[in-house]
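Participant: All residue numbers for the sequence shown refer to full-length UniProt numbering, where the first residue is 1 and numbers rise by one.
We put the CB at the ideal spot given by N, CA and C, even for glycine.
Below: one structure in structure tokens.
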Amino acid sequence: MKIAYFAQINLYKNNGVINKIRNQVEAWQSMGHEVKLIIMTGDSEVDLDSTSFSSLAKSGMVKLFKVKSLGLLPTDVIGDWLGLPSSFKKARKVLDDYHPDVVYARYSMFQPFYRRIGEKFKLIVEINTDLASEYYLIRKENLKRYLRFLYFKCTDSLFLKSVSGVVAVTTEIAQKYKGLPVAVVPNSLKVSNYELSEVPVGSKKTSIVFLGTPGMAWHGIDILRDLAKELPHVDFNLIGYKEGDVKDVSPNVILHGFLDKEEYLKIILKSTAAIGTLALNRKKMEEACPLKVREYMACCLPLILPYKDTAFEISGYPEWVLNVDFQNYSIAENASKIEKFLMQCATFDIKQEDVLQYIDVSFLEKRRLDFFLKTK
1 MKIAYFAQIN LYKNNGVINK IRNQVEAWQS MGHEVKLIIM TGDSEVDLDS
51 TSFSSLAKSG MVKLFKVKSL GLLPTDVIGD WLGLPSSFKK ARKVLDDYHP
101 DVVYARYSMF QPFYRRIGEK FKLIVEINTD LASEYYLIRK ENLKRYLRFL
151 YFKCTDSLFL KSVSGVVAVT TEIAQKYKGL PVAVVPNSLK VSNYELSEVP
201 VGSKKTSIVF LGTPGMAWHG IDILRDLAKE LPHVDFNLIG YKEGDVKDVS
251 PNVILHGFLD KEEYLKIILK STAAIGTLAL NRKKMEEACP LKVREYMACC
301 LPLILPYKDT AFEISGYPEW VLNVDFQNYS IAENASKIEK FLMQCATFDI
351 KQEDVLQYID VSFLEKRRLD FFLKTK
């Protein structure tokens, strides 16, 4: 197959998504398929050599386009609606010249670009979250997010008219797209890219790591802060949060700010366990498969999950995963369960081969490609 992968993405502070895309592309190539990656970005300065796309770019597989805006006015998007010259028109020319069997796109807000490529090619979209709930939740944070919410509400129904099929990362999301061909393929990564360094015996204080982003209410950083107060003997390493992002923290909470992959992996590898998103219910969701949790697993860390994870829902939960419920049980009750689990963590002998079936590209990308082939 000839596959065109289209993604609108901020190239900076999105390392997890960029790594995921690169791993997908490389897996498809290794299975004998031809791939071209088309990236649209709003970054003011773009340097692919400083991202995980560097090797793909050097091989000529990546076409990069800058999406232009004037303040809050997305001039390229408006140009696309009016049929004027724009970055999207240039991207369509690349697709026309390449003539792929499949265009695979990360789900975004609708614009005529998607309708035009959906009319000409088999367009399959990957849906990673419930965007309707997410945009509604953050709509009041600033004017830009409120305008984005209104635009999404007015145009989203048009998007689905353009697509041939949907790949959802969770069963819960897939159930929202009845009437279309749908496959469930959880997020994946390449486990062999994660080297496990030895941590000296006795150097580990009991600790929990959390990798997140400020301003995302469903991450539940307020719950995590209160959980830390219930477990004062446990260190909580919060990556992605700096002083001021989380208020009224106890002394056992360490705020590391934004770190690159090499730096945050050092913290993950020294942790006793990792915890996932704590308030997914704020997006009216119960199930997820975050990339950060795949990284925890690749590092062979026991997991504390306050939601259903698609990979385990499909293949079963191993003993090194603890499910907790902050919606129906108090923080104190959950803290008691977590404390007992942390005492067990040293007994778990997790190896990378144990996690392959849940998260590795070699398992999950075959499922995605099979869906590409059978979708009309």
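On the DSSP letters alone, give me the boundaries of the alpha helix (DSSP H) that residue 21 sits inside.
Facilitator: Taken as a continuous stretch (DSSP letters only), the alpha helix (DSSP H) holding residue 21 covers 15-30.
Participant: Report yes if the CB atom of residue 4 is closer than 8 Å to the CB atom of residue 40, and no otherwise.
Facilitator: Against a cut-off of 8 Å, the Cβ pair of residue 40 and residue 4 comes out as no contact.
Participant: Can you check DSSP and say which residues form a bridge with residue 207?
Facilitator: In DSSP, residue 207 forms a bridge with 235.
Participant: Between the Cα of residue 225 and those of 213, 11, 216 and 238, spot the shortest distance and give me the residue it belongs to.
Facilitator: Of the listed residues, the one whose Cα sits closest to residue 225 is 238.
Participant: Which residue from 2, 368, 360 and 11 puts its Cα closest to that of residue 193?
Facilitator: The candidate whose alpha carbon is nearest that of residue 193 is 360.
Participant: Specify, as a first and last residue, the run of the beta strand (DSSP E) that residue 146 falls within.
Facilitator: Unbroken run through residue 146 is the alpha helix (DSSP H), 143-160; no beta strand (DSSP E).
Participant: State the beta-bridge partners of residue 243 as determined by DSSP.
Facilitator: In the DSSP output, where bridge partners are listed per residue, residue 243 has 246.
Participant: Please tell me whether residue 344 and residue 298 are closer than 8 Å, where the distance is taken between their beta carbons.
Facilitator: Not a contact, by the Cβ cut-off of 8 Å.
Participant: Three-state secondary structure (DSSP) at residue 323?
Facilitator: Correct three-state label for residue 323: strand.
Participant: Measuring CA to CA, which of 219, 184, 75 and 104 is closest to residue 21?
Facilitator: Of the candidates 219, 184, 75 and 104, the one whose C-alpha sits nearest the C-alpha of residue 21 is 104.
Participant: Given a cut-off of 8 Å on the beta-carbon distance, is the pair residue 185 and residue 356 in contact?
Facilitator: Result no, Cβ atoms of residue 185 and residue 356 do not sit closer than 8 Å.
Participant: Using only alpha-carbon positions, find the residue among 83, 114 and 77 that is nearest to residue 391.
Facilitator: With the chain represented from 1 up to 376, any question about residue 391 goes unanswered, as that position is not in the structure.
Participant: In the stretch 34-97, which residue ranges form an unbroken beta strand (DSSP E) of at least 3 residues, counting only runs that do not cross its ends?
Facilitator: Counting only runs of 3 or more, we get 34-41 and 62-66.
Participant: Taking the straight line between their C-alpha atoms, what separation do you get for residue 289 and residue 309?
Facilitator: Computed Cα separation, rounded: 5 Å.
Participant: How big is the Cα-Cα spacing for residue 258 and residue 285?
Facilitator: Rounded to the nearest angstrom, the two C-alpha atoms are 26 Å apart.
Participant: Compare the beta carbon distance of residue 124 and residue 372 with 8 Å and say whether it is the shorter of the two.
Facilitator: Yes, they are a contact pair.
Participant: What is the residue span of the beta strand (DSSP E) that residue 126 lies within?
Facilitator: Start and end: 123-127.
Participant: Excluding the 5 residues flanking residue 232 on each side, which residues of the same chain have their C-beta closer than 6 Å to its C-beta?
Facilitator: Closer than 6 Å at the Cβ level, and outside the excluded window around residue 232, lie 252.
Participant: When we look at the beta-carbon of residue 154 and count the other beta-carbons within 10 Å, is it buried (16 or more) or exposed?
Facilitator: Result: exposed.
Participant: Among 49, 6, 223 and 320, which has the Cα closest to the Cα of residue 117?
Facilitator: Of the listed residues, the one whose Cα sits closest to residue 117 is 6.
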